[in-house]
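Undergrad:
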Amino acid sequence: MNKDSKIFVAGARGLVGSAIKRELERNGFLNLIFPTSKELDLRNFEQTKTFFNTVKPEYVFLAAAKVGGIHSNNTYPADFIFDNIQIQTNVIHHSWLSGVKRLLFLGSSCVYPRDCPQPIKEEYLLTGPLEKTNEPYAIAKITGIKMCESYNRQYKTKFLAAMPTNSYGKNDNYHPENSHVFPAFIRKTHEAKIAGASSIEHWGTGNPKREFLCSDDVASACLFLMKQPDEVLFLSEFPLYNVGLGEDLTIRELAETMKKIIEFKGKIVWNPSKPDGTMQKLLDISKIKKLGWKPKISLEDGIRIAYEDFKQLSGEHHN
(Lines of atoms letter the chains of each structure in order from A and count residues from 1; the text may use other names and numbers.)
(Lines give C-alpha, C1' and ligand atoms only; values in the text may rest on other atoms or scores of the structure.)
Protein backbone atom coordinates (compact mmCIF):
# COMPACT_ATOMS: atom_id res chain seq x y z
CA MET A 1 0.00 0.00 0.00
CA ASN A 2 1.31 3.42 -0.97
CA LYS A 3 0.37 6.63 0.85
CA ASP A 4 -1.87 7.60 -2.10
CA SER A 5 -3.45 4.14 -2.59
CA LYS A 6 -7.24 4.28 -2.70
CA ILE A 7 -8.40 2.56 0.50
CA PHE A 8 -12.01 1.69 1.35
CA VAL A 9 -12.76 1.33 5.08
CA ALA A 10 -16.14 -0.44 5.29
CA GLY A 11 -17.74 0.27 8.65
CA ALA A 12 -15.64 3.38 9.41
CA ARG A 13 -18.24 4.68 11.88
CA GLY A 14 -17.99 1.59 14.10
CA LEU A 15 -15.62 0.73 16.92
CA VAL A 16 -12.93 -1.09 14.93
CA GLY A 17 -13.57 0.63 11.58
CA SER A 18 -13.08 4.10 13.07
CA ALA A 19 -9.87 2.92 14.76
CA ILE A 20 -8.59 1.60 11.40
CA LYS A 21 -9.41 4.95 9.79
CA ARG A 22 -7.50 6.81 12.55
CA GLU A 23 -4.55 4.42 12.23
CA LEU A 24 -4.36 4.91 8.46
CA GLU A 25 -4.51 8.70 8.85
CA ARG A 26 -1.81 8.58 11.55
CA ASN A 27 0.39 6.65 9.13
CA GLY A 28 -0.06 9.19 6.34
CA PHE A 29 -2.57 7.36 4.12
CA LEU A 30 -4.61 10.19 2.62
CA ASN A 31 -6.81 8.62 -0.04
CA LEU A 32 -9.43 7.05 2.22
CA ILE A 33 -13.03 6.30 1.26
CA PHE A 34 -15.55 5.72 4.03
CA PRO A 35 -19.16 6.31 2.96
CA THR A 36 -21.82 6.17 5.70
CA SER A 37 -24.39 3.35 5.69
CA LYS A 38 -26.94 5.93 4.48
CA GLU A 39 -24.74 6.74 1.47
CA LEU A 40 -23.95 3.09 0.77
CA ASP A 41 -26.00 0.17 2.07
CA LEU A 42 -23.58 -2.76 1.82
CA ARG A 43 -26.49 -5.19 2.25
CA ASN A 44 -27.69 -4.03 -1.17
CA PHE A 45 -26.05 -5.92 -4.05
CA GLU A 46 -26.67 -3.25 -6.71
CA GLN A 47 -25.51 -0.34 -4.53
CA THR A 48 -22.32 -2.22 -3.63
CA LYS A 49 -21.71 -3.14 -7.27
CA THR A 50 -22.13 0.49 -8.40
CA PHE A 51 -19.80 1.70 -5.63
CA PHE A 52 -16.99 -0.70 -6.58
CA ASN A 53 -17.40 -0.05 -10.31
CA THR A 54 -17.34 3.72 -9.86
CA VAL A 55 -14.87 4.23 -7.01
CA LYS A 56 -12.56 1.28 -7.76
CA PRO A 57 -10.80 0.99 -4.37
CA GLU A 58 -7.41 -0.75 -4.41
CA TYR A 59 -7.48 -1.95 -0.79
CA VAL A 60 -10.43 -2.87 1.43
CA PHE A 61 -10.72 -3.17 5.20
CA LEU A 62 -14.00 -4.99 5.79
CA ALA A 63 -15.00 -3.91 9.31
CA ALA A 64 -18.70 -3.33 8.55
CA ALA A 65 -20.93 -5.70 10.53
CA LYS A 66 -24.00 -5.90 12.69
CA VAL A 67 -22.65 -6.51 16.21
CA GLY A 68 -23.95 -6.73 19.77
CA GLY A 69 -23.76 -8.50 23.12
CA ILE A 70 -25.53 -11.62 24.45
CA HIS A 71 -28.89 -9.84 24.73
CA SER A 72 -29.08 -8.53 21.17
CA ASN A 73 -27.63 -11.75 19.71
CA ASN A 74 -30.40 -13.69 21.46
CA THR A 75 -33.12 -11.21 20.48
CA TYR A 76 -32.28 -10.63 16.81
CA PRO A 77 -30.63 -13.84 15.53
CA ALA A 78 -32.17 -13.50 12.02
CA ASP A 79 -30.86 -9.95 11.63
CA PHE A 80 -27.39 -11.01 12.75
CA ILE A 81 -27.07 -13.84 10.24
CA PHE A 82 -28.84 -12.08 7.35
CA ASP A 83 -27.22 -8.62 7.57
CA ASN A 84 -23.70 -9.93 8.11
CA ILE A 85 -23.84 -12.49 5.31
CA GLN A 86 -25.27 -9.86 2.92
CA ILE A 87 -22.60 -7.26 3.79
CA GLN A 88 -19.60 -9.54 3.48
CA THR A 89 -20.89 -11.43 0.42
CA ASN A 90 -21.41 -8.18 -1.49
CA VAL A 91 -18.08 -6.63 -0.46
CA ILE A 92 -15.96 -9.75 -1.02
CA HIS A 93 -17.60 -10.59 -4.37
CA HIS A 94 -17.30 -7.05 -5.76
CA SER A 95 -13.75 -6.71 -4.44
CA TRP A 96 -12.89 -9.68 -6.65
CA LEU A 97 -14.88 -8.42 -9.66
CA SER A 98 -13.37 -4.93 -9.53
CA GLY A 99 -9.79 -6.17 -9.05
CA VAL A 100 -9.10 -5.07 -5.47
CA LYS A 101 -5.41 -5.76 -4.71
CA ARG A 102 -5.99 -6.85 -1.12
CA LEU A 103 -8.88 -7.22 1.29
CA LEU A 104 -8.75 -7.72 5.04
CA PHE A 105 -11.85 -9.34 6.54
CA LEU A 106 -12.50 -8.78 10.24
CA GLY A 107 -14.01 -11.68 12.10
CA SER A 108 -14.33 -12.28 15.82
CA SER A 109 -13.05 -14.74 18.41
CA CYS A 110 -16.60 -16.21 18.65
CA VAL A 111 -15.95 -18.09 15.38
CA TYR A 112 -14.06 -20.69 17.41
CA PRO A 113 -15.77 -23.68 19.07
CA ARG A 114 -17.28 -23.06 22.50
CA ASP A 115 -15.13 -25.62 24.30
CA CYS A 116 -11.75 -25.08 22.63
CA PRO A 117 -8.45 -25.87 24.28
CA GLN A 118 -6.96 -22.62 25.65
CA PRO A 119 -5.33 -20.49 24.37
CA ILE A 120 -7.21 -20.77 21.05
CA LYS A 121 -5.11 -21.38 17.95
CA GLU A 122 -6.24 -20.47 14.43
CA GLU A 123 -6.39 -24.13 13.41
CA TYR A 124 -9.18 -24.84 15.94
CA LEU A 125 -11.67 -23.24 13.55
CA LEU A 126 -14.53 -25.65 12.74
CA THR A 127 -13.38 -28.37 15.15
CA GLY A 128 -16.47 -28.31 17.41
CA PRO A 129 -19.89 -26.76 18.23
CA LEU A 130 -20.21 -22.99 18.69
CA GLU A 131 -21.49 -21.00 21.67
CA LYS A 132 -25.31 -21.08 21.25
CA THR A 133 -25.95 -17.46 22.28
CA ASN A 134 -24.12 -15.96 19.29
CA GLU A 135 -24.15 -18.86 16.85
CA PRO A 136 -25.89 -16.98 13.96
CA TYR A 137 -23.30 -14.19 14.13
CA ALA A 138 -20.42 -16.67 14.40
CA ILE A 139 -21.69 -18.68 11.42
CA ALA A 140 -21.91 -15.50 9.34
CA LYS A 141 -18.30 -14.65 10.23
CA ILE A 142 -17.08 -18.19 9.47
CA THR A 143 -18.82 -17.85 6.10
CA GLY A 144 -16.80 -14.66 5.49
CA ILE A 145 -13.52 -16.42 6.31
CA LYS A 146 -14.37 -19.35 4.04
CA MET A 147 -15.50 -17.02 1.27
CA CYS A 148 -12.15 -15.17 1.34
CA GLU A 149 -10.33 -18.50 1.33
CA SER A 150 -12.43 -19.84 -1.56
CA TYR A 151 -11.93 -16.72 -3.70
CA ASN A 152 -8.18 -16.96 -3.09
CA ARG A 153 -8.23 -20.59 -4.24
CA GLN A 154 -10.43 -20.13 -7.28
CA TYR A 155 -9.61 -16.59 -8.42
CA LYS A 156 -6.12 -16.06 -6.97
CA THR A 157 -7.31 -13.02 -4.99
CA LYS A 158 -5.23 -11.69 -2.06
CA PHE A 159 -7.79 -11.78 0.73
CA LEU A 160 -6.87 -12.32 4.41
CA ALA A 161 -8.67 -12.38 7.74
CA ALA A 162 -8.04 -11.12 11.27
CA MET A 163 -9.87 -12.50 14.31
CA PRO A 164 -9.77 -9.92 17.10
CA THR A 165 -10.67 -10.76 20.66
CA ASN A 166 -13.25 -8.64 22.57
CA SER A 167 -12.51 -5.08 21.46
CA TYR A 168 -13.33 -1.80 23.18
CA GLY A 169 -12.32 1.84 22.85
CA LYS A 170 -13.37 5.08 21.15
CA ASN A 171 -16.76 5.01 19.38
CA ASP A 172 -17.98 1.98 21.30
CA ASN A 173 -21.68 1.26 21.69
CA TYR A 174 -22.82 2.07 25.25
CA HIS A 175 -26.48 1.15 24.72
CA PRO A 176 -27.98 -0.23 27.98
CA GLU A 177 -29.32 -3.43 26.32
CA ASN A 178 -27.39 -3.95 23.10
CA SER A 179 -23.78 -3.35 24.14
CA HIS A 180 -20.93 -5.72 24.94
CA VAL A 181 -19.77 -6.35 28.51
CA PHE A 182 -16.93 -3.79 28.53
CA PRO A 183 -18.92 -0.68 27.49
CA ALA A 184 -21.94 -1.89 29.46
CA PHE A 185 -19.83 -2.02 32.64
CA ILE A 186 -18.41 1.46 31.98
CA ARG A 187 -21.88 2.93 31.60
CA LYS A 188 -23.30 1.10 34.63
CA THR A 189 -20.37 1.98 36.89
CA HIS A 190 -20.39 5.64 35.83
CA GLU A 191 -24.15 6.00 36.28
CA ALA A 192 -23.99 4.36 39.71
CA LYS A 193 -21.20 6.74 40.72
CA ILE A 194 -23.16 9.82 39.54
CA ALA A 195 -26.31 8.61 41.30
CA GLY A 196 -24.36 7.87 44.50
CA ALA A 197 -25.68 4.29 44.45
CA SER A 198 -24.57 1.89 47.17
CA SER A 199 -24.21 -1.05 44.75
CA ILE A 200 -24.46 -2.21 41.12
CA GLU A 201 -25.63 -5.56 39.83
CA HIS A 202 -23.85 -7.42 37.03
CA TRP A 203 -25.03 -10.54 35.22
CA GLY A 204 -23.69 -14.01 36.00
CA THR A 205 -21.12 -15.16 38.53
CA GLY A 206 -18.23 -12.96 37.40
CA ASN A 207 -16.10 -16.10 37.00
CA PRO A 208 -15.76 -16.38 33.19
CA LYS A 209 -12.42 -15.16 31.88
CA ARG A 210 -12.19 -12.71 29.00
CA GLU A 211 -9.48 -11.04 27.01
CA PHE A 212 -9.96 -7.39 26.04
CA LEU A 213 -8.03 -5.46 23.40
CA CYS A 214 -8.21 -1.73 22.75
CA SER A 215 -9.53 -1.00 19.24
CA ASP A 216 -6.40 1.10 18.51
CA ASP A 217 -4.34 -2.07 18.96
CA VAL A 218 -6.73 -4.01 16.69
CA ALA A 219 -6.26 -1.31 14.04
CA SER A 220 -2.47 -1.37 14.31
CA ALA A 221 -2.55 -5.17 13.80
CA CYS A 222 -4.80 -4.80 10.73
CA LEU A 223 -2.53 -2.25 9.09
CA PHE A 224 0.52 -4.34 10.04
CA LEU A 225 -1.00 -7.40 8.30
CA MET A 226 -2.03 -5.42 5.21
CA LYS A 227 1.58 -4.24 4.80
CA GLN A 228 3.12 -7.73 4.92
CA PRO A 229 4.64 -8.93 1.63
CA ASP A 230 2.83 -11.57 -0.46
CA GLU A 231 5.48 -14.20 0.24
CA VAL A 232 4.78 -13.90 3.99
CA LEU A 233 0.97 -14.06 3.79
CA PHE A 234 0.08 -16.06 0.71
CA LEU A 235 2.49 -18.97 0.76
CA SER A 236 0.37 -22.00 1.56
CA GLU A 237 -2.67 -22.02 3.82
CA PHE A 238 -5.19 -19.17 4.07
CA PRO A 239 -3.85 -16.16 6.05
CA LEU A 240 -6.00 -16.20 9.19
CA TYR A 241 -4.56 -14.33 12.19
CA ASN A 242 -5.72 -14.04 15.78
CA VAL A 243 -5.37 -10.54 17.23
CA GLY A 244 -5.44 -10.26 21.02
CA LEU A 245 -3.72 -9.13 24.16
CA GLY A 246 -2.41 -12.61 24.92
CA GLU A 247 -3.70 -12.56 28.50
CA ASP A 248 -7.13 -12.57 30.12
CA LEU A 249 -8.85 -11.80 33.42
CA THR A 250 -12.14 -12.72 35.09
CA ILE A 251 -15.23 -10.58 34.49
CA ARG A 252 -15.15 -9.93 38.25
CA GLU A 253 -11.59 -8.56 38.00
CA LEU A 254 -12.67 -6.37 35.08
CA ALA A 255 -15.57 -4.96 37.12
CA GLU A 256 -13.30 -4.26 40.12
CA THR A 257 -10.65 -2.57 37.94
CA MET A 258 -13.30 -0.35 36.36
CA LYS A 259 -14.75 0.46 39.78
CA LYS A 260 -11.29 1.64 40.88
CA ILE A 261 -10.56 3.74 37.77
CA ILE A 262 -14.06 5.26 37.56
CA GLU A 263 -13.94 5.85 41.36
CA PHE A 264 -17.26 4.22 42.20
CA LYS A 265 -17.43 3.73 45.98
CA GLY A 266 -20.28 1.20 46.21
CA LYS A 267 -20.12 -2.56 45.97
CA ILE A 268 -20.60 -4.96 43.08
CA VAL A 269 -23.33 -7.61 43.32
CA TRP A 270 -23.39 -10.62 41.01
CA ASN A 271 -26.63 -12.22 39.77
CA PRO A 272 -25.88 -15.92 39.15
CA SER A 273 -29.39 -16.54 37.72
CA LYS A 274 -28.23 -14.72 34.55
CA PRO A 275 -26.09 -16.47 31.90
CA ASP A 276 -22.29 -16.47 32.07
CA GLY A 277 -21.59 -17.39 28.44
CA THR A 278 -18.38 -19.23 27.59
CA MET A 279 -16.06 -19.74 30.57
CA GLN A 280 -12.86 -18.80 28.76
CA LYS A 281 -11.92 -17.38 25.36
CA LEU A 282 -8.21 -16.59 25.25
CA LEU A 283 -6.61 -16.26 21.82
CA ASP A 284 -3.20 -17.65 20.99
CA ILE A 285 -1.48 -14.71 19.26
CA SER A 286 1.90 -16.38 18.65
CA LYS A 287 1.30 -16.46 14.86
CA ILE A 288 1.01 -12.66 14.43
CA LYS A 289 3.69 -12.07 17.10
CA LYS A 290 6.13 -14.16 15.01
CA LEU A 291 5.64 -11.63 12.20
CA GLY A 292 6.60 -8.84 14.61
CA TRP A 293 3.34 -7.32 15.90
CA LYS A 294 2.39 -7.00 19.57
CA PRO A 295 -0.23 -5.01 21.51
CA LYS A 296 0.83 -1.76 23.20
CA ILE A 297 -2.12 -0.59 25.31
CA SER A 298 -2.55 -2.04 28.83
CA LEU A 299 -6.01 -2.78 30.20
CA GLU A 300 -5.90 0.06 32.75
CA ASP A 301 -4.82 2.60 30.12
CA GLY A 302 -7.49 1.20 27.82
CA ILE A 303 -10.21 1.64 30.46
CA ARG A 304 -9.12 5.27 30.87
CA ILE A 305 -9.32 5.86 27.09
CA ALA A 306 -12.78 4.26 26.91
CA TYR A 307 -14.07 6.10 30.00
CA GLU A 308 -12.97 9.50 28.63
CA ASP A 309 -14.67 8.63 25.34
CA PHE A 310 -17.88 7.60 27.13
CA LYS A 311 -17.98 10.88 29.07
CA GLN A 312 -17.51 12.85 25.86
CA LEU A 313 -20.20 10.88 24.05
CA SER A 314 -22.64 11.34 26.93
CA GLY A 315 -21.85 15.07 27.14
CA GLU A 316 -20.54 14.80 30.67
CA HIS A 317 -17.02 15.88 29.96
CA HIS A 318 -15.69 18.98 31.72
CA ASN A 319 -12.13 20.16 31.25
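Residue numbers (the working numbering): 31 to 349.
Quick reminder that beta carbons are idealized off the backbone N, C-alpha and C, glycines included.
Just so we're clear, the structure is a prediction, and the values are computed from it rather than from any experiment.
Whole-angstrom Cβ separation of D278 and E241, contact assumed at under 8 Å?
TA: The Cβ separation is near 4 Å, so the contact holds.
Undergrad: Can you list, in chain order, the residues of its chain with a C-beta nearer than 6 Å to that of K171? Leave out the 5 residues immediately preceding and following it.
TA: Correct list, in chain order: G137, S138 and V141.
Undergrad: Check for me: the alpha helix (DSSP H) holding W126 runs from which residue to which?
TA: Here the alpha helix (DSSP H) through W126 covers P107 to L127.
Undergrad: Below 8 Å between beta carbons: does that hold for G99 and A214?
TA: Closer than 8 Å, so yes.
Undergrad: Per DSSP, what kind of secondary structure is T280 in: helix, strand or coil?
TA: Of the three classes helix, strand and coil, the one that applies to T280 here is strand, per DSSP.
Undergrad: What residues in its chain sit with their C-beta under 8 Å from that of I291, if we drop five residues either side in the sequence?
TA: Only E330, I333, R334 and Y337 meet the Cβ criterion.
Undergrad: Do R144 and Y89 have their beta-carbon atoms positioned less than 8 Å apart in this structure?
TA: Their beta carbons are not under 8 Å apart, which means Y89 does not touch R144 by this criterion.
Undergrad: Since Y18 sits in a beta bridge, which residues does DSSP pair it with?
TA: Beyond the ends of the chain as shown, which are 31 and 349, falls residue 18; an answer cannot be given.
Undergrad: Which same chain residues end up closer than 6 Å to Q310 when comparing Cβ atoms and leaving out the 5 residues on each side of it in sequence?
TA: Q148 and K239, listed in sequence order.
Undergrad: DSSP on E231, reduced to helix/strand/coil?
TA: In this structure, E231 counts as strand in the three-state DSSP scheme.
Undergrad: Give the secondary structure of A93 by DSSP, where H, G and I count as helix, E and B as strand, and everything else as coil.
TA: Three-state result, A93: coil.
Undergrad: Which residues in the same chain as Y204 place their Cβ atom closer than 8 Å to its Cβ, once the five residues preceding and following it in sequence are excluded?
TA: Within the same chain, Y204 has close Cβ partners P213, A214, I216, R217, F340, L343 and S344.
Undergrad: Pick out whichever of I327, G307, W323 and S316 has its Cα sitting closest to the Cα of L160.
TA: Out of I327, G307, W323 and S316, G307 has the C-alpha closest to the C-alpha of L160.
Undergrad: Could you check what DSSP says for A13 in three-state terms: helix, strand or coil?
TA: The structure shown has nothing for residue 13, since the chain only spans 31 to 349.
Undergrad: Kindly indicate which residue of G41, G274, S102 and L45 has the alpha-carbon position closest to the one of K68.
TA: The candidate whose alpha carbon is nearest that of K68 is G41.
Undergrad: Going by Cα to Cα distance, which pick from Y271, T157, L265 and I230 is closest to N301?
TA: If we check each option's Cα against that of N301, I230 comes out closest.
Undergrad: Just the C-alpha distance for A285 and E207, rounded to the nearest angstrom, thanks.
TA: Rounded to whole angstroms, A285 to E207 spans 18 Å at the Cα level.
Undergrad: Once DSSP output is grouped into helix, strand and coil, what is the label at Q310?
TA: Here Q310 sits in strand by DSSP.
Undergrad: With distances taken from CA atoms, which of K188, V299, T280 and E153 is nearest A227?
TA: Here the closest residue by C-alpha is V299.
Undergrad: Taking buried to mean at least 16 other C-beta atoms within 10 Å of its own C-beta, is S303 buried or exposed?
TA: S303 is exposed by the Cβ-count criterion.
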